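Worksheet: one structure, shown below.
Numbering (our numbering), first residue to last: 228 to 394.
Listed below in structure tokens is the structure:
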């Protein structure tokens, strides 16, 4: 869906497509002609520098979004999400990376969560890459404690799981 939306509205403007993709990836919303990370307004120049485009590409992307009702609704509702993946080791939490056989298959998260539940391991956070936006989507689960090594094999046998990495 995302690729269709991006190509439909931004196909003639690769820099704008890159900007819109970044907004979607980071949950940056567009409201009243401005870009926000939650309630924090972001500078067009800093956005442009961070993704390697001209400031005018950012402004053009916002204009394109504001001209189209569908895009305006989508981009106005985006919100950023906190991700504990990098923080987890410092907090002595566990991190499990799941590589799916087919990321669009229902039940992968449920299967992995069931295994963790059976082992009385609490999940602090689960983040799933959107398979329509990411070439190699993954599921990251942050657990209350590190996982015992014997669980890696068990998680690897869960339905839809191709690979497991524990940090």
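The beta carbon of each residue, even a glycine, is placed where N, CA and C say it ideally should be. Since the structure is predicted, the reported quantities are computational estimates derived from the model, not experimental observations.
The distance from the Cβ of residue 328 to that of residue 389 is about 4 Å, consistent with a contact at the 8 Å cut-off. Here the alpha carbons of residue 366 and residue 375 stand approximately 19 Å from one another. Within the stretch 359-388, the complete alpha helix (DSSP H) segments of 4 residues or longer fall at 377-383, listed in chain order. Shown here for residue 260: same chain residues with a beta carbon closer than 7 Å to its own, the five before and five after excluded, namely 289 and 293 in chain order. Spatial neighbours of residue 330 in its own chain (CB-CB distance under 6 Å, excluding positions within 5 residues in sequence) are listed in chain order as 358 and 364. Counted as a single uninterrupted DSSP element, the stretch harbouring residue 316 is not any beta strand (DSSP E), since DSSP gives it neither H nor E. Sequence-distant partners of residue 269 (beyond 5 residues in either direction) whose C-beta falls short of 6 Å from its own C-beta, in its chain, are 262.
The Cβ atoms of residue 355 and residue 336 lie closer than 9 Å to each other. Minimum Cα-Cα distance from residue 274 among the listed residues 248, 298 and 291 corresponds to 248. Contact between residue 237 and residue 243 holds, with the beta-carbon distance rounding to 5 Å and staying under 8 Å. Around the beta-carbon of residue 267, fewer than 16 other beta-carbon atoms lie within 10 Å, marking it exposed. Spanning the alpha carbons of residue 308 and residue 254 requires a straight line of approximately 7 Å.
320 is the residue among 229, 320, 240 and 278 whose C-alpha sits nearest the C-alpha of residue 393. For the 9 Å CB-CB criterion, residue 338 and residue 387 form a contact. The criterion of a C-beta distance shorter than 9 Å is satisfied by residue 360 and residue 229. Annotated three-state conformation of residue 268 is strand, per DSSP.
Looking only at 246, 282 and 314, the smallest Cα-Cα distance to residue 302 is reached by 246.
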